[in-house]
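Enquirer: Per the UniProt record's numbering, the sequence shown runs over residues 1 to 578.
Yeah, the Cβ is synthetic: ideal placement off N, Cα and C, and Gly gets one too.
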Amino acid sequence: MQNLIAGLTQVEPESIQLSDPPKEIAADYALACHPLAKSLRINPVEIANSIADQINLGLRPDLIERVSAQDGFINFFIDNNLYGEKVLQEIETGRDSYGAQNIGEGKKVVIDCSAPNIAKYMSVGHLRSTVIGESLHRIYQTLGYTAIRDNHLGDWGTQFGMLGYAYEKWRDEIPEFEEGGDSIKGFYKLYVRIHEEVEQEEEEHPDNESSLRKAGKGWFQRLENGDPAARRLFNWAWGASIKEFQRVYDLLGVEFEYTLGESFYVDQGMIPNVVNALKQNGVAKTDEKGAVVIPIEETKLKPLIIQKSDGTSLYATREIAALVCRIAWFNPASILYVVGADQKGYFQQVFAAANKITAGKGPDLKHIYFGMVSLPEGKMSTRRGRLVFLEDMLNEGVSRAKQRIQETNRNFSETEMVEVARQVGIGAAIYFDLGQSRERDILFNWDHALSLESNSAPYIQYTNARTHSILERAEEKGITIDFDQKVVFSLPEEQMLIKQLAKFPDTIRRAQDINQPSVIAEHLLSVATLFNQFYQKTNVINEQDPVKRNTRLRLITAVSQVMKRGLYLLGIEAPNRM
1 MQNLIAGLTQ
11 VEPESIQLSD
21 PPKEIAADYA
31 LACHPLAKSL
41 RINPVEIANS
51 IADQINLGLR
61 PDLIERVSAQ
71 DGFINFFIDN
81 NLYGEKVLQE
91 IETGRDSYGA
101 QNIGEGKKVV
111 IDCSAPNIAK
121 YMSVGHLRST
131 VIGESLHRIY
141 QTLGYTAIRD
151 NHLGDWGTQF
161 GMLGYAYEKW
171 RDEIPEFEEG
181 GDSIKGFYKL
191 YVRIHEEVEQ
201 EEEEHPDNES
211 SLRKAGKGWF
221 QRLENGDPAA
231 RRLFNWAWGA
241 SIKEFQRVYD
251 LLGVEFEYTL
261 GESFYVDQGM
271 IPNVVNALKQ
281 NGVAKTDEKG
291 AVVIPIEETK
301 LKPLIIQKSD
311 GTSLYATREI
321 AALVCRIAWF
331 NPASILYVVG
341 ADQKGYFQQV
351 FAAANKITAG
361 KGPDLKHIYF
371 GMVSLPEGKM
381 STRRGRLVFL
391 EDMLNEGVSR
401 AKQRIQETNR
411 NFSETEMVEV
421 ARQVGIGAAI
431 YFDLGQSRER
441 DILFNWDHAL
451 SLESNSAPYI
461 QYTNARTHSI
471 LERAEEKGIT
481 IDFDQKVVFS
491 LPEEQMLIKQ
501 LAKFPDTIRR
511 AQDINQPSVI
521 AEHLLSVATL
531 FNQFYQKTNV
541 INEQDPVKRN
551 TRLRLITAVS
561 QVMKRGLYLL
571 GIEAPNRM
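1. Taking all protein chains shown into account, decide if F483 is buried (16 or more other Cβ within 10 angstroms of its Cβ) or exposed.
2. One question on the structure: do R318 and E262 come within less than 8 Å of each other, judged by their Cβ atoms?
3. Since D112 sits in a beta bridge, which residues does DSSP pair it with?
4. When you compare the region 102-121 with the region 143-159, are there three or more beta-carbon pairs, one atom per stretch, that lie closer than 8 Å?
5. Looking at the structure shown, is L365 part of a helix, part of a strand, or coil, going by DSSP?
6. Using beta-carbon positions only, say whether E65 and I74 come within less than 8 Å of one another.
7. With DSSP as the reference, label residue 592 as helix, strand or coil.
8. For A474 versus L553, is the C-beta spacing smaller than 8 Å?
9. DSSP on P575, reduced to helix/strand/coil?
10. Who pairs with I74 in a beta bridge, going by DSSP?
11. Helix or strand or just coil, what does DSSP make of K285?
12. In chain order, which continuous runs of the alpha helix (DSSP H) of length 4 or greater are located wholly inside the region 298-349?
13. Just list the residues that DSSP pairs V547 with in beta bridges.
14. For L501, count the other beta carbons within 10 Å of its own beta carbon; 16 or more makes it buried, fewer makes it exposed. Which is it?
15. I need the boundaries of the beta strand (DSSP E) containing I294, first residue and last residue.
16. Ignore the nearest five residues each way along the sequence and tell me which others in E565's own chain have a CB closer than 7 Å to its CB.
17. So I405 is in the alpha helix (DSSP H); what residue range does that whole segment cover?
18. What is the DSSP secondary structure of Y140, counted as helix, strand or coil?
19. Evaluate S560 with the Cβ neighbour count: other Cβ atoms within 10 Å of its Cβ, from every protein chain shown; 16 or more gives buried, anything less gives exposed.
20. If you check the beta carbons only, do V248 and E391 fall under 8 Å apart?
21. Alpha carbons only, please: which of T286, P517, V488 and V398 is nearest the one belonging to K86?
22. Exposed or buried, what is H137 when buried is set at 16 or more other beta-carbons lying within 10 Å of its beta-carbon?
23. Do the region 275-288 and the region 225-240 meet, that is, are 3 or more Cβ pairs less than 8 Å apart?
24. Please state whether DSSP places V519 in a helix, a strand or coil.
25. With 16 other CB atoms within 10 Å as the buried threshold, where does E209 fall?
26. Three-state secondary structure (DSSP) at Y145?
27. Based on the DSSP secondary-structure assignment, which residues constitute the bridge partners of S19?
28. I need the boundaries of the alpha helix (DSSP H) containing Q512, first residue and last residue.
29. From the DSSP output, read off the bridge partner residues of N235.
30. Taking only the alpha-carbon atoms, compute the straight-line gap between K308 and I357 and give it to the nearest angstrom.
31. Check whether the Cβ atoms of L524 and L567 lie closer than 8 Å to each other.
32. Roughly how many whole angstroms lie between the Cα atoms of F160 and G216?
33. Exposed or buried, which one is R410 when buried takes at least 16 other CB atoms within 10 Å?
34. At the level of alpha carbons, what is the spacing between H448 and D150?
35. Among all the DSSP beta bridges, which residues are the ones paired with N117?
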């Protein structure tokens, strides 16, 4: 239908957005002609009437029974059997690639996501950037883009300087630094201790900078200047951190094309080169305090500082260096920064500075911001030692899922139960995040996340497992599916379900357009809900009419295909049994 209307109006098919009609109109689909009217500069009522007349007078495809125009809208009445056959054939032909499109062909997108700080455990707070970034990668890849995940580790700066100083000062008091100990736990203890003591010093002497903070800055200067002892400690912490992070990424099923922390750009000598180049071409200048800044005259934003007066770099310096390198290496159409909403102001500065650097000809830069995640226990803080580690949280989900499986007395082997518990527990955590708008703050709740009766991953996974169970029972009874037999959709539940399945490709495009994985989650929830309504009201295996039975088995196969594909786009596995 989109292609037909696009041909009549000479607009791109992607700009034709069909929707469900209002409840009082008994049509199957509707098209609001107001956007077309704006681009074509014609009255929407006139456009609607003209298109409807042309379709009814001879351009009507077989699957459209008739169309009508009303108040600038076109209403489509379809032949449910022909339409359903077309949708099923597309799903059956596409299989695991159903919904794939080529709108991003030849374009690259860099996705900056996860980005934990080294020498610390990943906390629950890292879940959002990690899973949102992974889902967006899968969505963009499905639409033909070359999507590049870059894990921009926080591994440089004054914070590591303070940790380095704390290590030299108190390492003998930390048993985890003994051979075979958990070095990350040791670094975490040091991190909490030095920040507690800095806070105490600054409370006692509010007009003076903490001596420990000054010492940390001095230690960081040693690291920037290449001090061998400082570098050895940094390399040790970096290697231990990567192993720690990888264990969590393996649990989540997340991968990266690149893991390039801030230190990479320092080690390559890019920081002074970038700063000097920006000064030479007039983009940056030295201010009255001796710091190098990028002024942003056309906005009310403060200048972006890229070098302190003491010559050391800042986070923004490494950010700009990473941006320059990404443009040179990948020539991306866009770069997505999947970072919390609290960094909005910072990214406004960075993007304004980037616009000056590229003279307005650089990639489209987008801050894909998200709200905070918290737990019933309260607000988390690394510095105060009130942190819930992400690996512990995920393992708790797996443990809870396993307990629920045991309580249902499923006939699982131990190996199968462990695997399904992993798929369900991890999937529940991911979906609880992605199942709601990323801009929202979320309060994580395991009871909700693991529910089989609500908007949750287990609910959707269980629905998919039910489709497998039905298809297996049909096979056991010797019933084979004839994919060439014509279909008969005799019930409204079947018709509603096929229409929802047909929306999947458009759903993927919409999720990409607004960088919102929750659009996929909402679609899957609708499919699961409609399928369960269909299943409650119809016979499948015991249907006596062979054509109706075959139609329903094909429909169930298509539901399973779409649900597995949708869960994949969210980074969630789909067990065949639950």
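Expert: The relevant details are as follows:
1. For this step, residue 483 is matched to residue 483 along the sequence shown. Classification for F483: exposed.
2. The count along the sequence shown starts at 1 and reaches residue 318 at position 318. The count along the sequence shown starts at 1 and reaches residue 262 at position 262. Yes, they are a contact pair.
3. Here the question's residue 112 lines up with position 112 in the sequence shown. The partner list for D112 (beta bridge, DSSP) reads D150 and Y337.
4. yes
5. Here residue 365 is taken as the residue at index 365 of the sequence shown, counted from 1. In this structure, L365 counts as strand in the three-state DSSP scheme.
6. Counted from its first residue, the sequence shown places residue 65 at position 65. Counted from its first residue, the sequence shown places residue 74 at position 74. In this structure, I74 does not lie closer than 8 Å to E65 by Cβ.
7. Because the chain in this structure spans residues 1 to 578, residue 592 falls outside the shown range and cannot be described.
8. Numbered from 1 along the sequence shown, position 474 holds the residue referred to as residue 474. Numbered from 1 along the sequence shown, position 553 holds the residue referred to as residue 553. Yes; because the gap between Cβ atoms is below 8 Å, this pair is in contact.
9. For the purposes of this step, residue 575 is identified with residue 575 of the sequence shown, where counting begins at 1. Residue state, collapsed to three classes: coil.
10. For the purposes of this step, residue 74 is taken as residue 74 along the sequence shown, with counting starting at 1. Its beta-bridge partners are L31 and A69.
11. Your numbering for residue 285 matches position 285 in the sequence shown. Residue state, collapsed to three classes: strand.
12. 315-330
13. Sequence index remark: in the sequence shown, residue 547 carries index 547 (1-based). Partner(s): none; V547 has no beta bridge.
14. The count along the sequence shown starts at 1 and reaches residue 501 at position 501. Answer is buried; the Cβ neighbour count reaches 16.
15. Start at 1 with the first residue of the sequence shown, and residue 294 comes out as number 294. Unbroken beta strand (DSSP E) run through I294: V292 to I294.
16. Start at 1 with the first residue of the sequence shown, and residue 565 comes out as number 565. Glu is not the amino acid found at residue 565; the sequence shown has Arg there. So the list reads D96, Y98 and G99, once near-sequence residues are dropped.
17. To locate residue 405, count along the sequence shown from 1; it is residue 405. L390 to E407 is the extent of the alpha helix (DSSP H) around I405.
18. In the sequence shown, the residue the question calls residue 140 occupies position 140. Y140 falls in the helix class under three-state DSSP.
19. Reading the sequence shown from its first residue, position 560 is the one you call residue 560. When all chains shown are included, S560 counts as buried.
20. Position 248 of the sequence shown, counted from the first residue, corresponds to residue 248. Position 391 of the sequence shown, counted from the first residue, corresponds to residue 391. For V248 and E391, yes; Cβs fall inside 8 Å.
21. Translated into positions along the sequence shown, residue 86 becomes position 86. Answer by Cα proximity: V488.
22. Within the sequence shown, the letter at position 137 stands for residue 137. So H137 ends up on the buried side.
23. no
24. Numbered from 1 along the sequence shown, position 519 holds the residue referred to as residue 519. Residue state, collapsed to three classes: helix.
25. Within the sequence shown, the letter at position 209 stands for residue 209. Looking at its Cβ environment, which holds fewer than 16 other Cβ atoms inside 10 Å, E209 is exposed.
26. Taking the sequence shown and counting its residues from 1, one reaches residue 145 at position 145. Here Y145 sits in coil by DSSP.
27. Here residue 19 corresponds to residue number 19 of the sequence shown, with the count starting at 1. Note: S19 sits in a beta bridge opposite A30.
28. Looking up residue 512 in the sequence shown gives position 512. F504 to D513 is the span of the alpha helix (DSSP H), which, as asked, contains Q512.
29. Position 235 of the sequence shown holds residue 235. None, per the DSSP bridge assignment.
30. Residue mapping note: residue 308 aligns to position 308 of the sequence shown, counting from 1. Residue mapping note: residue 357 aligns to position 357 of the sequence shown, counting from 1. Their Cα atoms are separated by approximately 19 Å.
31. As a working note, residue 524 is residue 524 in the sequence shown. As a working note, residue 567 is residue 567 in the sequence shown. Yes, these two residues count as a Cβ contact at 8 Å.
32. Numbered from its first residue, the sequence shown carries residue 160 at position 160. Numbered from its first residue, the sequence shown carries residue 216 at position 216. Each residue's Cα considered, the two are about 8 Å apart.
33. One-based indexing of the sequence shown puts residue 410 at position 410. Counting Cβ neighbours within 10 Å, R410 comes out exposed, since fewer than 16 surround it.
34. Reading the sequence shown from its first residue, position 448 is the one you call residue 448. Reading the sequence shown from its first residue, position 150 is the one you call residue 150. So the two alpha carbons sit approximately 32 Å from each other.
35. Counting from 1 along the sequence shown, the entry for residue 117 is found at position 117. The partner list for N117 (beta bridge, DSSP) reads G154.
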